[in-house]
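See structure below.
Protein chains: 2
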Amino acid sequence: MFASIPNFKDFWSEWDTNRKLECLRLLNEIVCEFDKLLSKPKFSSVEKIKTVGSTYMAAAGLNETETDYDDDVYLEKQSHGKFNNNLRIGNTAFRNANVMIEFALAMSQILDGLNRDSFQNFELRIGMSVGPLVAGVIGAQKPQYDIWGNTVNLASRMDTHGEPRKIHATTDMGNILRAGGYRVQSRGKIRVKGVKEPMETFLIEVDSKRNSSVSGEQTNNHNNNNNCHHSTL
Amino acid sequence: MFASIPNFKDFWSEWDTNRKLECLRLLNEIVCEFDKLLSKPKFSSVEKIKTVGSTYMAAAGLNETETDYDDDVYLEKQSHGKFNNNLRIGNTAFRNANVMIEFALAMSQILDGLNRDSFQNFELRIGMSVGPLVAGVIGAQKPQYDIWGNTVNLASRMDTHGEPRKIHATTDMGNILRAGGYRVQSRGKIRVKGVKEPMETFLIEVDSKRNSSVSGEQTNNHNNNNNCHHSTL
Chain H
1 MFASIPNFKD
11 FWSEWDTNRK
21 LECLRLLNEI
31 VCEFDKLLSK
41 PKFSSVEKIK
51 TVGSTYMAAA
61 GLNETETDYD
71 DDVYLEKQSH
81 GKFNNNLRIG
91 NTAFRNANVM
101 IEFALAMSQI
111 LDGLNRDSFQ
121 NFELRIGMSV
131 GPLVAGVIGA
141 QKPQYDIWGN
151 TVNLASRMDT
161 HGEPRKIHAT
171 TDMGNILRAG
181 GYRVQSRGKI
191 RVKGVKEPME
201 TFLIEVDSKR
211 NSSVSGEQTN
221 NHNNNNNCHH
231 STL
Chain B
1001 MFASIPNFKD
1011 FWSEWDTNRK
1021 LECLRLLNEI
1031 VCEFDKLLSK
1041 PKFSSVEKIK
1051 TVGSTYMAAA
1061 GLNETETDYD
1071 DDVYLEKQSH
1081 GKFNNNLRIG
1091 NTAFRNANVM
1101 IEFALAMSQI
1111 LDGLNRDSFQ
1121 NFELRIGMSV
1131 GPLVAGVIGA
1141 QKPQYDIWGN
1151 TVNLASRMDT
1161 HGEPRKIHAT
1171 TDMGNILRAG
1181 GYRVQSRGKI
1191 RVKGVKEPME
1201 TFLIEVDSKR
1211 NSSVSGEQTN
1221 NHNNNNNCHH
1231 STL
């Protein structure tokens, strides 16, 4: 997931150079409030990757092995190629997608609260995708855990091509969410840099979601050494 | 300074998903070799900020106070508005610009060596600017020291608008380098996003620079609490 605050840039440019530090203090407050969500048990599977400017990058399911996804294949076979809500709810991909959506909604609520306190009008624009990626630590000085791959690039592009107060999801992510009972709105096929064919993407309103029956709480937390993951971000 | 390896992307996309980890290992080796430069005494004023993908971000002079630049103003007045090599060499702005150039050249030499060992053809494309910026630490989870401001944006854009094996510098940075005796090549005026008027930028060849008489070695390392800096990156 890439969650950015596009109108933070306007706020930033309104201030003189010697007042920029105050803008940063507000950004720090926002990011620290988002960070607090990570300690909630329901978001135990969410990993913050980093912030880049006013963009918050996080992923769910990074600690899962590929065998965790075998259940998904079994369930998909059971449903004979059709999406079946009962069967798919509870599978790994949906569980991660759901927790990521819940996290984005919680971020949005936090931002609304901070807006009221600081008389601002910041809005979140969120991009999400699901799929395999590579994770690792780069560098000797200031080493940083990061993630790479097409799934990561797609999530970033869903953010940049997205709309304020909406979650913009890839085809795969949208299908998983729809199968799980989320109200997703097709945006039709759009051209995305790095993808040959135009792809169908989906928008999820931040304000009008169904109350998920799946809590997204996860107790399995494998500490494996396998750096190849299939994750939701 | 933003130093990126544009053709790392081609290398990355040549490999299957399950071989991406090997690409990352090579990137890690490159970044770790760049990191080793930071421990050299001549680069003691260089601060690595972070890597973003295959882009290495660093700055010089972050620990200097604004009063360190008073000498610059005095020297500029002495030279009656004209650039005067003798007077300007040794001033703070040039010293930082020079050390940043030396750092970029050292990075380039390291990459050439790694290319020979790994039969690759990676090239550095470098963007630089000079000016005021804001620095600070953002976030409670995975807090990261970072820098912000127009100077930072300009350096990044010099990189993206640059050419392989060349350093692309802003007007101010180019003037400082030229005054210090560097052979800089004007690229004419180009339009840069975020800057109203087209700006003259300069290219410095990575392979054919003069041997600087200024070592760039710095012994003053103020640990001040002032987070507003005038830096070279």
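Residue numbers (this note's numbering), protein chains in the order written: chain H, 1 to 233; chain B, 1001 to 1233.
Built from N, CA and C at the ideal position, the CB exists for glycine as well.
- Between D35 of chain H and R1178 of chain B, the alpha-carbon positions lie close to 46 Å from each other.
- Residue state for S156 of chain H is assigned as helix, using DSSP reduced to three classes.
- Residue burial annotation: W1012 of chain B is buried, with at least 16 other C-beta atoms found within 10 angstroms of its C-beta.
- The beta carbon of K40 of chain H is closer than 6 Å to none in its chain, skipping five residues each way along the sequence.
- Taking C-alpha positions only, G113 of chain H is separated from I30 of chain H by approximately 10 Å.
- Straight-line spacing of the CA atoms in G131 of chain H and R1187 of chain B works out to 43 Å.
- Neighbours of A1140 of chain B across chain H, judged by C-beta separation under 8 Å: V31, C32, D35, K36.
- Pairing S1054 of chain B with F1002 of chain B gives a Cβ-Cβ distance that is not under 9 Å.
- From the listed residues H:V192, H:Y145, H:G61, H:R125, the smallest Cα separation to M107 of chain H is found for H:R125.
- When rounded, the separation of the alpha-carbon atoms in F94 of chain H and L37 of chain H is 20 Å.
- Beta-bridge analysis with DSSP links R125 of chain H to H:S4.
- According to the DSSP secondary-structure assignment, Y145 of chain H is paired through a beta bridge with H:V137.
- Where T171 of chain H is concerned, the enclosing alpha helix (DSSP H) starts and stops at 171-179.
- For T17 of chain H, no beta strand (DSSP E) encloses it, and the DSSP letter there is neither H nor E.
- Contact check for I1005 of chain B against F1103 of chain B fails: the beta carbons are separated by 9 Å or more.
- DSSP places S186 of chain H in the strand class (E or B) of the three-state scheme.
- DSSP places E102 of chain H inside the alpha helix (DSSP H), whose first and last residues are 92-118.
- In the displayed model, L1233 of chain B falls within coil according to three-state DSSP, outside both helix and strand.
- In this structure, the beta-carbon distance from S1044 of chain B to G1061 of chain B does not fall below 9 Å.
- A straight-line Cα-Cα distance of about 11 Å links S156 of chain H and T170 of chain H.
- Nearest to L133 of chain H by C-alpha distance, out of H:N150, H:E14, H:F119, H:K142, is H:N150.
- Between G139 of chain H and T1051 of chain B, the CB-CB gap stays under 9 Å.
- Counting the other CB atoms within 10 Å of its CB gives E64 of chain H a total of 16 or more, which places it among the buried residues.
- At a cut-off of 9 Å, the C-beta of V99 of chain H has no neighbouring C-beta in chain B.
- Contact annotation: L24 of chain H and W1015 of chain B have beta-carbon atoms that are not nearer than 9 Å.
- Close partners of Q1144 of chain B in chain H (Cβ separation under 9 Å): K50, T51, K142, Q144.
- In this model, M128 of chain H and R1183 of chain B are separated by some 47 Å (Cα to Cα).
- Closer than 9 Å to the CB of L114 of chain H there is not a single CB belonging to chain B.
- Exclusion of the five residues before and after K1020 of chain B leaves W1012 as the residues of its chain whose Cβ lies within less than 8 Å of its Cβ.
- Around the C-beta of K1166 of chain B, 16 or more other C-beta atoms lie within 10 Å, and the residue is accordingly described as buried.
- E47 of chain H sits in a strand when the DSSP states are folded into three classes.
- Listed in chain order, the non-local C-beta contacts of M57 of chain H below 6 Å within the same chain comprise F2, I49, K50, local neighbours out to five positions each way being set aside.
- Straight-line measurement puts the Cα of P164 of chain H at about 18 Å from the Cα of L27 of chain H.
- Interface annotation, N28 of chain H: in contact with chain B, CB-CB separation under 9 Å.
- Cβ neighbours of P1143 of chain B within its own chain (closer than 8 Å, five residues either side excluded): V1137.
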